[in-house]
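Undergrad: Position 208 of the sequence shown, counted from 1, bears residue number 208 in this note's numbering, the numbering being contiguous throughout. Heads up, the beta-carbon is just placed ideally off N, CA and C, and yes, glycines get one too.
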Amino acid sequence: MFVWLTGAAGFIGFHTAQALLAQGVRVIGVDNLNTYYDPALKRARLHQLREHANFTFLEADISDRDAMLGLAKQHGAITHIVHLAAQAGVRYSMIDPYAYVQSNVMGHLVMLEAARLLPDLRHFVYASSSSVYGGNTELPFREADRVDLPVSLYAATKRADELISQSYAHLYSLPQTGLRFFTVYGPWGRPDMAYYSFAQAIAAGRPITVYDGGSPRRDFTYVDDIVAGITGVLTRPPADAHTARVLNIGNHRSEAVSTLISLLESGLGRKAVIEYVPRPAADVAETFADVSGIRALCGFSPDTALADGVARFVEWFKKFHNI
């Protein structure tokens, strides 16, 4: 197996690369190391990956068609693509909407065009998001639910990716699976995500902003469980390459943000200073994944309780930040 992994210096990409390399898989990673959050964290992840002889890295933007098509032509033996690179963050999409269309839509299109150049490609697995469910209120979210009412531009770009993928499957028999990730957390995570930014603020004694009294609920999914799902799906392409498959990948539990805060307080040994504000329009009240589809496909069985996952994150957080 020879895997092309985009977003290799990102949170999920880093952990996925580690798992593949541990299995002896050859990996070529791509990342543009942008400044959406501190590139030093991305470089620290890369430093660990570069220790593996089977890992090669190219610093490039996935929307750069010359770079991506050139890589595909240079490495025609690639058998699998794990496309995780994207402009992340729901609320930031209201600040710089152009970045989302450039990275998430144009970047996805360029990667599909590059995939078409690979004669031995067996499966194209890409990151979608639970955000595509928008303001749906029927829980748990199922892949058959309506996803045409996004509440953020980020969600709209991810749904656009799913539709573009379907067109490429129909036209070119390109075997694809989109994974709708549900609130991934864990060591080496993204500082813009709530659990990480809460930890930073609590440790420093700064206030944290919490929506609707901490009542919003999320399907918090530990990164090791996510990676197990990605690698399980990767070797199981759709039987019908004319249909782009979409699967939820989550913890199949919905837990209150207030519970997350309590666990962080316990792990850090400090009480949070909380400022409660109304939930913004781009955020949803609750997420909860039906994972029966991915379970049936590859035996996916997330088993990391939130308390255990947060404890592992806090242990890493203290060490990484010298707390």
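#1: Along the beta strand (DSSP E) that carries G29, what are the first and last residues, could you check?
#2: For V3 versus I81, is the C-beta spacing smaller than 9 Å?
#3: Would you please verify whether the beta carbon of S173 is less than 9 Å from any beta carbon of chain B?
#4: What distance in whole Å lies between the Cβ atoms of T177 and V257, which are believed to be in contact at a cut-off of 8 Å?
#5: At 3 residues or longer, and completely inside the region 215-269: list those beta strand (DSSP E) runs for me, N to C.
#6: Return the Cβ separation of T231 and L20 in integer angstroms, given the expectation that the two are a contact with Cβ distance under 8 Å.
#7: Reducing DSSP to helix, strand and coil, say where A207 ends up.
#8: Going by the beta-carbon positions, is the gap between H285 and S215 smaller than 9 Å?
#9: Residue ranges of each alpha helix (DSSP H) run of no fewer than 4 residues wholly in the region 132-196, ordered along the chain?
#10: Assuming L247 and E143 form a contact by the criterion Cβ under 8 Å, report the distance between their Cβ atoms to the nearest whole angstrom.
#11: Assess contact between the region 92-112 and the region 131-150, defined as three or more Cβ pairs (one per stretch) separated by less than 8 Å. Is contact present?
#12: Using C-beta distances below 7 Å, list every residue in its chain close to Y37, excluding the 5 sequence neighbours before and after it, in chain order.
#13: Where do the ends of the beta strand (DSSP E) carrying E275 lie?
#14: One question on the structure: do L188 and F11 come within less than 9 Å of each other, judged by their Cβ atoms?
#15: Looking at F182 and F124, is the spacing between their C-beta atoms short of 9 Å?
#16: Taking contact to mean 3 or more Cβ pairs, one atom from each stretch, closer than 8 Å, check whether the region 61-81 and the region 262-275 are in contact.
#17: Could you pull the DSSP bridge partners for W4 from this structure?
#18: Could you say which of I323, T16, A85 and G299 lies nearest to G205 if we only look at CA atoms?
#19: So what's A352 in DSSP terms, helix, strand or just coil?
#20: By a C-beta neighbour count over all protein chains shown, 10 Å radius and 16 as the cutoff for buried, is F320 buried or exposed?
#21: DSSP three-state label for S301, please.
#22: For a test of the three-state rule: what should DSSP assign to F55, helix, strand or coil?
#23: Rounded to a whole number of angstroms, what is the C-alpha to C-alpha distance between I274 and A203?
#24: I believe G186 touches R43 by the beta-carbon criterion, under 8 Å. Please report the beta-carbon distance rounded to the nearest angstrom.
#25: Could you check whether the region 54-74 touches the region 23-42, counting it as contact only if at least three pairs of C-beta atoms, one from each stretch, sit closer than 8 Å?
#26: Counting only the same chain and skipping the five closest in sequence on each side, list residues whose C-beta sits under 7 Å from that of R253.
#27: In whole angstroms, give me the CA-to-CA distance for T259 and S103.
#28: Based on Cα-Cα distance, which residue from P119, F141, K158 and D120 lies nearest to M106?
#29: Locate the alpha helix (DSSP H) running through Y98, then write down its first and last residues.
#30: Rounded to whole angstroms, what's the CA-CA distance from A155 to S128? Just pull it up for me.
#31: For S63, which three-state DSSP category applies?
TA: Concretely, from the data shown:
#1: Taking the first residue of the sequence shown as position 1, residue 29 is located at position 29. Element bounds for G29: R26 to D31.
#2: One-based indexing of the sequence shown puts residue 3 at position 3. One-based indexing of the sequence shown puts residue 81 at position 81. For V3 and I81, yes; Cβs fall inside 9 Å.
#3: Here there is only one protein chain, and chain B is not present.
#4: By 1-based counting over the sequence shown, the position of residue 257 is 257. By 1-based counting over the sequence shown, the position of residue 177 is 177. No, V257 and T177 are not in contact; Cβ-Cβ is about 30 Å, not under 8 Å.
#5: The DSSP assignment places complete beta strand (DSSP E) segments of no fewer than 3 residues inside the region 215-269 at 245-249, in order along the chain.
#6: One-based indexing of the sequence shown puts residue 231 at position 231. One-based indexing of the sequence shown puts residue 20 at position 20. Between L20 and T231 the Cβ distance is about 7 Å, and since that is below 8 Å, they are a contact.
#7: Within the sequence shown, numbered from 1, the residue matching residue 207 stands at position 207. Here the sequence assigns Pro to residue 207, which means Ala is not the residue at that position. Residue state, collapsed to three classes: strand.
#8: Numbered from 1 along the sequence shown, position 285 holds the residue referred to as residue 285. Numbered from 1 along the sequence shown, position 215 holds the residue referred to as residue 215. Residue 285 is actually Ala in this sequence, not His. Result yes, Cβ atoms of A285 and S215 sit closer than 9 Å.
#9: List check, alpha helix (DSSP H) in window: 153-172.
#10: For the purposes of this step, residue 247 is taken as residue 247 along the sequence shown, with counting starting at 1. For the purposes of this step, residue 143 is taken as residue 143 along the sequence shown, with counting starting at 1. Sure, about 7 Å apart at Cβ, within 8 Å.
#11: Not touching, per the Cβ criterion.
#12: Residue numbering aside, residue 37 sits at position 37 when the sequence shown is read from its first letter. Correct list, in chain order: R190, P191 and D192.
#13: On the sequence shown, position 275 is the one that residue 275 refers to. Per DSSP, the unbroken beta strand (DSSP E) holding E275 starts and ends at V273 to V277.
#14: Position 188 of the sequence shown, counted from the first residue, corresponds to residue 188. Position 11 of the sequence shown, counted from the first residue, corresponds to residue 11. For the sequence presented, residue 188 should be read as Trp rather than Leu. Taking 9 Å as the Cβ cut-off, W188 and F11 qualify as a contacting pair.
#15: Position 124 of the sequence shown, counted from the first residue, corresponds to residue 124. Position 182 of the sequence shown, counted from the first residue, corresponds to residue 182. Not closer than 9 Å, so no.
#16: Touching, no.
#17: Here residue 4 refers to the residue found at position 4 of the sequence shown. Per DSSP, I28 and I81.
#18: For the purposes of this step, residue 205 is taken as residue 205 along the sequence shown, with counting starting at 1. Per the Cα distances, I323.
#19: Nothing in the structure corresponds to residue 352, since the chain is present only between 1 and 323.
#20: Translated into positions along the sequence shown, residue 320 becomes position 320. So F320 ends up on the exposed side.
#21: The sequence position of residue 301 within the sequence shown is 301, counting from 1. In the three-state scheme derived from DSSP, where H, G and I count as helix and E and B as strand, S301 is classed as coil.
#22: As a working mapping, residue 55 is identified with position 55 in the sequence shown. Note: F55 maps to strand in three-state DSSP.
#23: Start at 1 with the first residue of the sequence shown, and residue 274 comes out as number 274. Start at 1 with the first residue of the sequence shown, and residue 203 comes out as number 203. Between the alpha carbons of I274 and A203 lies a distance of about 13 Å.
#24: On the sequence shown, residue 186 is found 186 positions in, with the first residue counted as 1. On the sequence shown, residue 43 is found 43 positions in, with the first residue counted as 1. With a Cβ gap of about 19 Å, G186 and R43 do not count as contacting.
#25: Two segments are said to touch when three or more pairs of C-beta atoms, one from each, lie closer than 8 Å; by this definition the region 54-74 touches the region 23-42.
#26: Locating residue 253 in the sequence shown gives position 253, counting from the first residue. Excluding positions up to five away in sequence, the list reads D219.
#27: Here residue 259 corresponds to residue number 259 of the sequence shown, with the count starting at 1. Here residue 103 corresponds to residue number 103 of the sequence shown, with the count starting at 1. Looking at the two C-alpha atoms, the distance is approximately 34 Å.
#28: The count along the sequence shown starts at 1 and reaches residue 106 at position 106. When each option's Cα is compared against that of M106, the closest is K158.
#29: Taking the first residue of the sequence shown as position 1, residue 98 is located at position 98. Run containing Y98: P97 to Y100, per the alpha helix (DSSP H) assignment.
#30: Position 155 of the sequence shown, counting from 1, holds the residue named residue 155. Position 128 of the sequence shown, counting from 1, holds the residue named residue 128. Pairing A155 with S128, the inter-Cα distance amounts to about 9 Å.
#31: Here residue 63 is taken as the residue at index 63 of the sequence shown, counted from 1. In the structure shown, S63 sits in coil (DSSP, three-state: anything other than H, G, I, E or B).
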